[in-house]
Ligand SMILES: [Zn+2]
Ligand SMILES: [Zn+2]
């Protein structure tokens, strides 16, 4: 969905509501494609005191692979967006304003960027995921193995001989 911000700000409509589905199945985040189903976008563009404000909510389901244990897990998308849009900014460092390349605001592109930004650099099935054992490869969230112990053993054995 593309909107000419200059025309919108000069026009009579003060609010442009929108409610549609976005296809993010191509979205690649750290080599993962989490959004196999469409992401819902619901919100409005508001002309407030000569500024265009984008208020939106993104909801959907994300399917991820844990970086630590390799298991698949689901995590919902629930992103609130509330930002001013501007294409003629003088202060390029303003964090509260989303800067556009031109007076044409491509909302899909903005949602895409903000969604990507909302993710950290790591995907974990849970905060304290124990990962997989580097020696035998079992998922340490599910089972325990004796590898850690046997790795320590040679050193302990050496200590034993010293003593
Ligand atoms: Zn995990
Ligand atoms: Zn092991």
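Numbering (our numbering), first residue to last: 1063 to 1225.
We put the beta carbon where it would ideally sit given N, CA and C, even for glycine.
Short of 8 angstroms in beta carbon distance, which residues of its chain neighbour residue i, apart from the five on each side in sequence? Order them along the chain.
| i | result |
| --- | --- |
| residue 1136 | 1123, 1124, 1125, 1126 |
| residue 1290 | Residue 1290 lies beyond the range of the chain shown here (1063 to 1225); nothing can be said about it. |
| residue 1158 | 1145, 1146 |
| residue 1205 | none |
| residue 1133 | 1127, 1187, 1201, 1203 |
Only counting the same chain, and skipping five residues up and downstream in sequence, which positions put a Cβ closer than 6 angstroms to that of residue i?
| i | result |
| --- | --- |
| residue 1064 | 1166, 1168 |
| residue 1108 | 1077, 1115 |
| residue 1145 | 1116, 1160 |
| residue 1152 | none |
| residue 1089 | 1097 |
Which whole-angstrom value is the C-beta distance of residue i and residue j, which I expect to be below 8 angstroms?
| i | j | result |
| --- | --- | --- |
| residue 1173 | residue 1114 | That belief does not hold up - the Cβ atoms of residue 1173 and residue 1114 are roughly 15 angstroms apart, past 8 angstroms. |
| residue 1162 | residue 1147 | 6 angstroms |
Could you give the residue range of the alpha helix (DSSP H) that holds residue i?
| i | result |
| --- | --- |
| residue 1072 | 1067 to 1072 |
For residue i, I'd like the list of residues in its chain whose CB is within less than 7 angstroms of its CB, leaving aside the five on either flank, ordered along the chain.
| i | result |
| --- | --- |
| residue 1129 | 1184, 1185, 1186 |
| residue 1203 | 1131, 1191, 1192 |
| residue 1084 | 1100, 1101, 1103, 1170, 1173 |
| residue 1068 | 1165 |
| residue 1087 | 1095, 1097, 1098 |
| residue 1140 | 1121 |
Could you pull the start and end residues of the beta strand (DSSP E) that residue i belongs to?
| i | result |
| --- | --- |
| residue 1185 | Where residue 1185 is concerned, there is no enclosing beta strand (DSSP E), given that its DSSP letter is neither H nor E. |
| residue 1079 | 1077 to 1084 |
Across which residues does DSSP place residue i in a beta bridge pair?
| i | result |
| --- | --- |
| residue 1104 | 1081, 1119 |
| residue 1094 | 1091 |
| residue 1201 | 1194 |
| residue 1113 | 1110 |
Please check if any C-beta of chain B sits within less than 8 angstroms of the C-beta of residue i.
| i | result |
| --- | --- |
| residue 1163 | Checking the listed chains, one finds no chain B in this structure; it contains a single protein chain. |
Jot down the residue ranges of each uninterrupted beta strand (DSSP E) in the region 1122 to 1168, minimum 3 residues, whole runs only, in chain order. As far as the region 1122 to 1168 is concerned, its whole beta strand (DSSP E) runs of at least 3 residues are 1134 to 1148, 1159 to 1161, 1166 to 1168.
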